[in-house]
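Written below as structure tokens is the structure these notes are about.
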Amino acid sequence: CKNSITKNLLVTKRVLDLAILNVVSSKDNDGFISVEADIANYGTIPASSIDLNYQVSDGGNVKETWTGNLIPNAVFTYTFSSKTATQINSTNNITCVDIKKVNSINDENSDNNTLCSSLNSDAISVSNPIPNPTNADINLPVILNKDMDITISIYNSTGQLISKEITQKGIAGLNFIPLPSSNYARGCYIIKTMIDDKIFIKKFIKISNE
77 CKNSITKNLL
87 VTKRVLDLAI
97 LNVVSSKDND
107 GFISVEADIA
117 NYGTIPASSI
127 DLNYQVSDGG
137 NVKETWTGNL
147 IPNAVFTYTF
157 SSKTATQINS
167 TNNITCVDIK
177 KVNSINDENS
187 DNNTLCSSLN
197 SDAISVSNPI
207 PNPTNADINL
217 PVILNKDMDI
227 TISIYNSTGQ
237 LISKEITQKG
247 IAGLNFIPLP
257 SSNYARGCYI
267 IKTMIDDKIF
277 IKKFIKISNE
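116 is the number that this note's numbering gives to position 40 of the sequence shown; each next residue is one higher, with no gaps.
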């Protein structure tokens, strides 16, 4: 006797793709920041380990590794066990969370591996540039309560103007202003930001001009 049967098999490409969907931070009375992040597996491979990093403006950096089993299409909330100290009188802190490694290798889609959030979106504030110290370009986090102009100038440690005033439109909410600094010499620099007749002064350290 002879017979035959036909079946269609779906072969899925192996894709490693994790994404940060949301970042929530809170600050206690002593100035310590607690952070949690919602992470989704958009790939086709289960994640058994995730190397994570968060950085807080006017604060520090924290690195941790999650281990477990995050299957494809699943979402979970990771709460960092470590807290970072900030200046108690800082009115608004910005927290950025990064996925560095997944299963000890690089994620295939890095576009969704970083997300930032602010404690308070109702006040105008300028936070410390990220990264700081740096050996490349930086981003200046600016929070606006409405659309308005942002004017920025940069000086070296002796007060010499390095970058002339540049004005650009900012939108309500969190803005990241890119500041090219990769060609700057090693040293300390001052960022002067003017918004709505208010002046904000921040500093950053250039550790190399490579």
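Backbone N, C-alpha and C fix where the C-beta goes; we use that ideal spot for every residue, glycine too.
All of these numbers come straight from a predicted model, not from anything done at the bench.
Check, Outcome
"My assumption, with CB atoms under 8 Å, is that L255 sits in contact with P209. Please give the rounded CB distance.", "Going by Cβ atoms, the distance from L255 to P209 rounds to 14 Å, so no, they are not a contact pair."
"Please classify N188: does DSSP put it in a helix, a strand, or coil?", "helix"
"Which term fits I277, buried or exposed, when burial requires 16 or more other beta carbons within 10 angstroms of its beta carbon?", "exposed"
"Can the beta-carbon of L92 be found closer than 9 Å to that of D183?", "yes"
"For my contact list, G168 and A199 are in at a C-beta cut-off of 8 Å; report their separation, rounded to the angstrom.", "With the sequence shown as reference, residue 168 is identified as Asn, and Gly is not the correct amino acid for it. That pair is a contact at about 6 Å."
"When the Cα atoms are used, what is the spatial distance from S194 to V173?", "12 Å"
"DSSP beta-bridge partners for T225?", "Note that residue 225 is Asp in the sequence shown, not Thr. K245, per the DSSP bridge assignment."
"Near V178, what residues of its chain come up, given a Cβ to Cβ distance below 6 Å and the 5 sequence neighbours on each side ignored?", "L92, L94, A123, I126"
"Please look up how many angstroms separate the CB atoms of R90 and I115, rounded, as I've assumed it's under 8 Å.", "Contact flag wrong, Cβ pair sits at about 19 Å."
"Please return the same chain residues whose Cβ sits closer than 8 Å to the Cβ of V151, not counting the five positions on each side in sequence.", "L97, D114, I115, A116, N117"
"So what does Y265 bridge to, in DSSP terms?", "N232, F280"
"Does DSSP put I175 in a helix, a strand or coil?", "strand"
"State the Cα-Cα distance for the pair S158 and I175, rounded to the nearest angstrom.", "16 Å"
"Assuming L250 contacts I147 (C-beta within less than 8 Å), just tell me the rounded distance between them.", "Wrong, their Cβ atoms sit about 32 Å apart, outside the cutoff."
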